[in-house]
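Worksheet for the structure shown next.
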Amino acid sequence: MSIYAKDHSDPGSYLESVGQRILEEVMLRLPQSRTRPYLDPLIRDYPERGGKRFRPALVLLCCELLGGNPEDALISATALELFHSFALIHDDIEDASEMRRGAKTLHRIHGIPLAINAGDSLHGIVHQVLLENHPKLGAQKALQVHLHLNRVMQQTFEGQALDIGWVEEGIFPDRGQFHEMIVRKTGWYSGRGPCQCGAMIAGVDEPMLESLGNFGESLGIGFQIRDDILNLTESSESSAPDANEGGYGKERGGDFAEGKRTLITIEMLERLMPEEQERLRKILLKPRPEVTGEDILWSLEKSEQSGALDAARRETQNHASRAATELSEMPSGAPKQMLETLLGFLAEQRRV
Numbered sequence: 636m637s638i639y640a641k642d643h644s645d646p647g648s649y650l651e652s653v654g655q656r657i658l659e660e661v662m663l664r665l666p667q668s669r670t671r672p673y674l675d676p677l678i679r680d681y682p683e684r685g686g687k688r689f690r691p692a693l694v695l696l697c698c699e700l701l702g703g704n705p706e707d708a709l710i711s712a713t714a715l716e717l718f719h720s721f722a723l724i725h726d727d728i729e730d731a732s733e734m735r736r737g738a739k740t741l742h743r744i745h746g747i748p749l750a751i752n753a754g755d756s757l758h759g760i761v762h763q764v765l766l767e768n769h770p771k772l773g774a775q776k777a778l779q780v781h782l783h784l785n786r787v788m789q790q791t792f793e794g795q796a797l798d799i800g801w802v803e804e805g806i807f808p809d810r811g812q813f814h815e816m817i818v819r820k821t822g823w824y825s826g827r828g829p830c831q832c833g834a835m836i837a838g839v840d841e842p843m844l845e846s847l848g849n850f851g852e853s854l855g856i857g858f859q860i861r862d863d864i865l866n867l868t869e870s871s872e873s874s875a876p877d878a879n880e881g882g883y884g885k886e887r888g889g890d891f892a893e894g895k896r897t898l899i900t901i902e903m904l905e906r907l908m909p910e911e912q913e914r915l916r917k918i919l920l921k922p923r924p925e926v927t928g929e930d931i932l933w934s935l936e937k938s939e940q941s942g943a944l945d946a947a948r949r950e951t952q953n954h955a956s957r958a959a960t961e962l963s964e965m966p967s968g969a970p971k972q973m974l975e976t977l978l979g980f981l982a983e984q985r986r987v
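Numbering (the working numbering), first residue to last: 636 to 987.
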C-alpha cells in the first residue's frame, strides 16, 4: 500500500501529502533543541518555510512507477530535500538574492558567514542520512544510490559554476552553452537525478534507467524554464524596487536584477533592436545594488514585446512533449497518471 495512494488523483493534494511526510522526515534529522543559537535555527529555517518538495516526490513516484515500494525510497527522498535546502542557502548567497519563499534570504537575516556555515552543516547531514540506506536497501544498492546522488550534486555544482562564471566574467552564452549549463544544473538536479534514484531503488535495467532519466531531464528543464517565465510574469506584494514580488516567493524580475542568463534573456538578445540589446546587456552587467526599478520594468516590458516570453513558453511545451514520449513506454498505473498530469500542467503553463 502506497504511503500516499489516496493523493494520486490530484497533483496539489498529492504534493501536499508527500511534502508533509518529507518535512516530518527532514525535521527528525535536524537538531530539535536549538541549543546552538548560531546554527540550529538557521539549518531549520528553509525547511520550515515550506515548498513543493517536488524532487523527493519524483523519487517516490518513480520508485512506485517501476514496481518498487516508496517506503524504501523515503530515506533517499529525504536526503535529496536536505540537499535542496543546502543548495538554496548557498545559491541565494551566490546570486545575492533578497527573497526566498516569501521572506528574506538566510544571509540577509544572519549574514553571509553564518549562512554559509549553516549550508555546510546541512551538506554533512545529507551524507549522514544516506548512510541510513544500508540496513534498508543493503550495502550494494545503498552505495549505488549514494554514488548516484553524489554525481547529481557534482553535476549541479558544475552547472552552477557556469551560471555564476558567466555573470562574473560578463559573458553572454549562446544556445549550445546555455543548454550545457541547464542540463547540468537543472536537468540532473530537478529531473534526471531524482527519477533515476527512485528507479534504482525499484531495481531496473540500464535501458529503463536511461529512459526514465531522459524523462526526468526534460521535465526538470521544462519546469525551470516555466519558473523563469513566472519570475517575470507573476506578482504579489511589492519587493524589488518599483516591481512586484514573484508569486512563487522570489522578487518579480529578480532574474534581471541578478544578471541571470536564462533562455528568455538569450531570446531577447536575439530579437531586440541593436540599441535595445545594448541596454539589456548593460542592465545584466550591473551589480545588483545598481539595478533600478526602471531597469527591471523596462526589461519586463521588452521580454513580452519582443516575443521572448512566448518563445520560452513554446520551449516548455517542447520539453513536455519529449518527456511524454519517454513516459509513454512506462508501466501503466496511478504513478504514471500522476506524472502525466504534471506534464499537463507544464504544457499548459499552469501552476501545480
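The beta carbon of each residue, even a glycine, is placed where N, CA and C say it ideally should be.
Query                                                                                                                             : Result
Three-state class that DSSP yields for Arg861 in the structure shown                                                              : helix
C-beta contact flag for Gly848 and Gln831 at 8 Å                                                                                  : yes
Nearest residue (CA-CA) to Gly685, options Glu910, Arg669 and Leu650                                                              : Leu650
Endpoints, alpha helix (DSSP H) assigned at Ser956                                                                                : Ala943 to Leu962
Terminal residues of the alpha helix (DSSP H) in which Ile710 lies                                                                : Leu709 to Asp730
Contacts around Tyr883, its chain only, beta-carbon distance under 6 Å, and the 5 residues preceding and following it disregarded : For Tyr883, the predicted model reports a pLDDT of 43, less than 50, meaning its position is unreliable; a value from the coordinates is still stated below. So the qualifying residues of the chain are Leu865.
DSSP three-state assignment for Glu983, whether helix, strand or coil                                                             : coil
Option nearest Lys776 by Cα separation, candidates Glu793, Met835, Gly746 and Glu803                                              : Met835
For Met908, the three-state DSSP class (helix, strand or coil)                                                                    : coil
Per DSSP, cross-strand counterpart(s) of Arg735                                                                                   : Ala738
Ile744, buried or exposed, once every other Cβ within 10 Å from all chains shown has been counted against 16                      : exposed
Beta-carbon proximity check, Arg893 vs Ala943, cutoff 8 Å                                                                         : The question names Arg, but residue 893 in the sequence shown is Glu. It is not a contact, given that the beta carbons lie outside the stated cut-off.
Beta carbon of Gly691 nearer than 8 Å to that of Leu665                                                                           : The question names Gly, but residue 691 in the sequence shown is Pro. No, the pair does not count as a contact, with Cβ atoms beyond the cut-off.
Test item: CB-CB of Val694 and Gly800 under 8 Å                                                                                   : no
Contacting residues, own chain, Cβ-Cβ under 6 Å from Glu961 (five flanking each side not counted)                                 : Ser846, Asn849 and Phe850
Three-state secondary structure (DSSP) of Asn704                                                                                  : coil
Gly654, buried or exposed, once every other Cβ within 10 Å from all chains shown has been counted against 16                      : buried
Within 8 Å, strictly: CB atoms of Ile856 and Ile817                                                                               : yes
Exposure of Thr627, with buried meaning 16 or more beta-carbon neighbours within 10 Å                                             : As shown, the chain starts at 636 and ends at 987. That puts residue 627 outside it, with no answer to give.
Glu950 to Ala958 span [Cα, whole Å]                                                                                               : 12 Å
Pairwise C-alpha distance: His769 and Arg916                                                                                      : 51 Å
Presumed contact (8 Å Cβ cut-off) between Lys937 and Glu911, rounded CB distance                                                  : 6 Å
CA-to-CA distance, Gly746 to Glu815, given in whole angstroms                                                                     : 32 Å
Reference Leu757; option with closest CA among Asp707, Ala731, Met662 and Leu844                                                  : Met662
Neighbourhood of Ala947 by C-beta, 6 Å cutoff - its chain only, sequence neighbours within 5 removed                              : Ile860, Ile864, Leu898 and Ile899
Close-in-space but distant-in-sequence residues of the same chain around Cys698 (CB under 6 Å, 5 per side omitted)                : Pro705, Ala708, Gly833, Ile836 and Ala837
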